[in-house]
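Those sequence lines, one after another, are chains V and H. Be aware that the first sequence starts at 767, since it is given in our numbering, and climbs by one per residue. Be aware that the second sequence starts at 4, since it is given in our numbering, and climbs by one per residue. Step one of this worksheet: look at the structure below.
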Amino acid sequence: NAGVTQTPKFRVLKTGQSMTLLCAQDMNHEYMYWYRQDPGMGLRLIHYSVGEGTTAKGEVPDGYNVSRLKKQNFLLGLESAAPSQTSVYFCASLLGVGTEAFFGQGTRLTVV
Amino acid sequence: GENVEQHPSTLSVQEGDSAVIKCTYSDSASNYFPWYKQELGKRPQLIIDIRSNVGEKKDQRIAVTLNKTAKHFSLHITETQPEDSAVYFCAASTHSGYSTLTFGKGTMLLVSP
Numbered sequence: 767n768a769g770v771t772q773t774p775k776f777r778v779l780k781t782g783q784s785m786t787l788l789c790a791q792d793m794n795h796e797y798m799y800w801y802r803q804d805p806g807m808g809l810r811l812i813h814y815s816v817g818e819g820t821t822a823k824g825e826v827p828d829g830y831n832v833s834r835l836k837k838q839n840f841l842l843g844l845e846s847a848a849p850s851q852t853s854v855y856f857c858a859s860l861l862g863v864g865t866e867a868f869f870g871q872g873t874r875l876t877v878v
Numbered sequence: 004g005e006n007v008e009q010h011p012s013t014l015s016v017q018e019g020d021s022a023v024i025k026c027t028y029s030d031s032a033s034n035y036f037p038w039y040k041q042e043l044g045k046r047p048q049l050i051i052d053i054r055s056n057v058g059e060k061k062d063q064r065i066a067v068t069l070n071k072t073a074k075h076f077s078l079h080i081t082e083t084q085p086e087d088s089a090v091y092f093c094a095a096s097t098h099s100g101y102s103t104l105t106f107g108k109g110t111m112l113l114v115s116p
């Protein structure tokens, strides 16, 4: 039982490049969230999903896209990376509303 | 949407002292209030939570209180230890279909021996 796993753990991108972050959970959770963490800003919600095939925008969705084709996976895409997207990205999964959020180990992304 | 304010942003205490972190929320529909601890370089982990039908909850040295009328909730840590040093986040969530978990900006707690 791995819990929530993020891939990759570290990445350096050049401005304008694209990439996809993968979040995988093996707990049969319905809800999955993508957050970014910046110093002094806490955890800000980018996009989220309340079940397979659903996605919705969070607080800071611009520049990101997501897909939830399979219940266990939630993908976060950056189509054209910008230095402002340098951050630590965390994925979280929850069984349902009002339940514990389990976080992945984080992805440290640097855009140069 | 929901807005969660958290204070203070940093808190330094001596080992054995108590620490209190306060949060306010804006959405009266929020009914679930968890607290997460994040050690340096690690992922956030749930330490305690409280629901809107409860005013206080304790778990050993930590306790949370909730005042629904004032829309604020607090984390209390007694007999602090150096291993309590971390960033603490409060959060709020509503009980609805498209529910999100909104976090405060965090409090860095430093416990000095």
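Using N, Cα and C, we set each Cβ at its ideal position, and we do this for glycine too. Since the model is a prediction, treat every value here as computed from it, not as a measurement.
With 16 other Cβ atoms within 10 Å as the buried cut-off, status of ASN28(H): Against the second sequence, residue 28(H) aligns to sequence position 25. The question names Asn, but residue 28(H) in the sequence shown is Tyr. Buried, because 16 or more other Cβ atoms sit within 10 Å of the Cβ of TYR28(H).
Burial state of SER815(V) (16 or more Cβ within 10 Å): Along the first sequence, read from residue 1 onward, the residue named residue 815(V) stands at position 49. That one is buried.
Excluding sequence positions up to five away, which residues of its chain have a Cβ less than 8 Å from the Cβ of GLU866(V)?
For the purposes of this step, residue 866(V) is taken as the residue at position 100 of the first sequence. These residues qualify, in order along the chain: LEU860.
Assigned secondary structure, GLU8(H) (DSSP; H/G/I helix, E/B strand, else coil): Taking the first residue of the second sequence as 1, we reach residue 8(H) at position 5. It is a strand residue.
_Extent of the continuous beta strand (DSSP E) to which LYS74(H) belongs_ = Taking the first residue of the second sequence as position 1, residue 74(H) is located at position 71. Unbroken run through LYS74(H): none, as it is neither H nor E.
7 Å Cβ cutoff met for GLY109(H) and GLY808(V): As a working note, residue 109(H) is residue 106 in the second sequence. As a working note, residue 808(V) is residue 42 in the first sequence. Contact: yes.
* Do the CB positions of ILE53(H) and VAL67(H) come within less than 7 Å of each other? -> Mapped onto the second sequence, residue 53(H) falls at position 50. Mapped onto the second sequence, residue 67(H) falls at position 64. Yes, these two residues count as a Cβ contact at 7 Å.
**Prompt:** If we cut at 7 Å on Cβ distances, does TYR814(V) have a partner in chain H?
**Reply:** One-based indexing of the first sequence puts residue 814(V) at position 48. Closer than 7 Å: yes.
Practice task
Taking only runs that begin and end inside the stretch 87–111 of chain H, name each unbroken beta strand (DSSP E) of 3 or more residues, in chain order.
Solution key: If we require 3 residues or more, the beta strand (DSSP E) runs fully inside the stretch 87–111 of chain H come out as 89–97, 104–106.
(Q) Please report whether the beta-carbon of GLN851(V) lies at a distance below 7 Å from any beta-carbon of chain H. (A) As a position in the first sequence, residue 851(V) is number 85, starting the count at 1. Interface criterion not met: the Cβ of GLN851(V) is under 7 Å from no Cβ in chain H.
Could you say which of SER850(V), GLN803(V), CYS789(V) lies nearest to TRP797(V) if we only look at CA atoms?
-> Position 31 of the first sequence, counted from the first residue, corresponds to residue 797(V). What sits at residue 797(V) in the sequence shown is Tyr, not Trp. Ranked by Cα distance from TYR797(V), the options SER850(V), GLN803(V), CYS789(V) are led by CYS789(V).
Task: Coarse secondary structure for GLN63(H), derived from DSSP in three states - done: Here residue 63(H) corresponds to residue number 60 of the second sequence, with the count starting at 1. In the three-state DSSP reduction, GLN63(H) falls in the coil class, being neither helix nor strand.
Determine the burial state of VAL90(H): buried for a count of at least 16 other Cβ atoms within 10 Å of its Cβ, exposed for fewer.
Walking along the second sequence from the start, residue 90(H) turns up at place 87. The residue in question, VAL90(H), is buried, as its Cβ has 16 or more Cβ neighbours within 10 Å.
Note to self: So, at 7 Å on beta carbons, what are the nonlocal neighbours of ASN34(H) in its own chain, with the 5 sequence-adjacent residues on each side left out?
What the structure shows: On the second sequence, residue 34(H) is found 31 positions in, with the first residue counted as 1. So the qualifying residues of the chain are ARG54, SER55, THR97, HIS98.
By how many angstroms is the C-alpha of GLY107(H) removed from the C-alpha of SER21(H)?
The residue labelled residue 21(H) in the question sits at position 18 within the second sequence. The residue labelled residue 107(H) in the question sits at position 104 within the second sequence. If you take the alpha carbons of SER21(H) and GLY107(H), they lie about 21 Å apart.
* Asked: Looking at chain V, which residues of the stretch 30–49 of chain H have a Cβ within less than 9 Å of any of its Cβ atoms?
  -> Of all residues in the stretch 30–49 of chain H, ASN34, TYR35, PRO37, TYR39, GLN41, GLY44, LYS45, ARG46, PRO47, GLN48, LEU49 have a Cβ within less than 9 Å of some Cβ in chain V.
Bridge partners - THR873(V), DSSP secondary structure assignment | The sequence position of residue 873(V) within the first sequence is 107, counting from 1. Note: THR873(V) sits in a beta bridge opposite TYR855(V).
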